[in-house]
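Q: Each residue of the sequence shown is one higher than the last, beginning at 4 in my numbering. All C-beta atoms in this analysis are idealised placements derived from N, C-alpha and C, irrespective of residue type, glycine included.
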Amino acid sequence: MSEGLIAFLDYVNGKGAGDEFTRRLDMAVANVINSDDFRVEYMSAVARYMEDEEEKEELRADIEKKQERIDSLETENESKQERIDSLEEENKTKQGKIDSLETENESLKAVIASLRNKQENG
């Protein structure tokens with residue numbers, strides 16, 4: 004590695020300026036840091052960043068709330084579907100009983116008609 008690269012890497016790692024390039028770089032950084040424009044821009048950027056983070060948190064919370072509501076509605080719908088299925092099965096059972104009773108009633112009507120006919124014919 005060259006001495007210039009080593010001096011630059013040392014500077015980046017906080018060891019201070021070790022050659023002419025890193026001294027000039029250090030002066031440029033100091034000028035930027037001391038600049039009122041830089042401070043205003045930096046503070047504005049930090050404020051925007053914080054606002055964005057806050058908005059992201061609010062959006063995440065809203066998403067979480069809505070997902071909880073979706074989950075609740077899905078559970079509610081499953082429960083309602085189970086109740087619908089149960090009622091449909093109950094209706095099928097009752098319809099089967101009705102059909103059975105109608106068949107029995109037809110047989111009883113035939114017996115009653117036969118008995119009346121015997122009674123009338125003596």
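Would you mind reading off the limits of the alpha helix (DSSP H) that contains residue 69?
A: That run of the alpha helix (DSSP H) goes 39-124.
Q: Considering only residues of the same chain and omitting the five flanking positions on each side of residue 13, which have a CB-CB separation below 7 angstroms?
A: Closer than 7 angstroms at the Cβ level, and outside the excluded window around residue 13, lie 21.
Q: Check residue 10 in the structure and name its three-state DSSP category.
A: The answer is helix: DSSP assigns residue 10 an H, G or I state.
Q: Hey, how far is the Cα of residue 33 from the Cα of residue 68?
A: If I take the Cα positions, the gap works out to 47 angstroms.
Q: In whole angstroms, what separates the C-alpha of residue 96 from that of residue 118?
A: When rounded, the distance between both Cα atoms is 33 angstroms.
Q: Which of the three DSSP states is assigned to residue 31 in this structure?
A: Here residue 31 sits in helix by DSSP.
Q: Sorted by chain position, which residues of the same chain lie with C-beta nearer than 6 angstroms to residue 60's C-beta, five sequence neighbours on each side aside?
A: Hits under 6 angstroms: none found.
Q: When you compare the CB positions of residue 41 and residue 35, do they come within less than 7 angstroms of one another, or not?
A: In this structure, residue 35 lies closer than 7 angstroms to residue 41 by Cβ.
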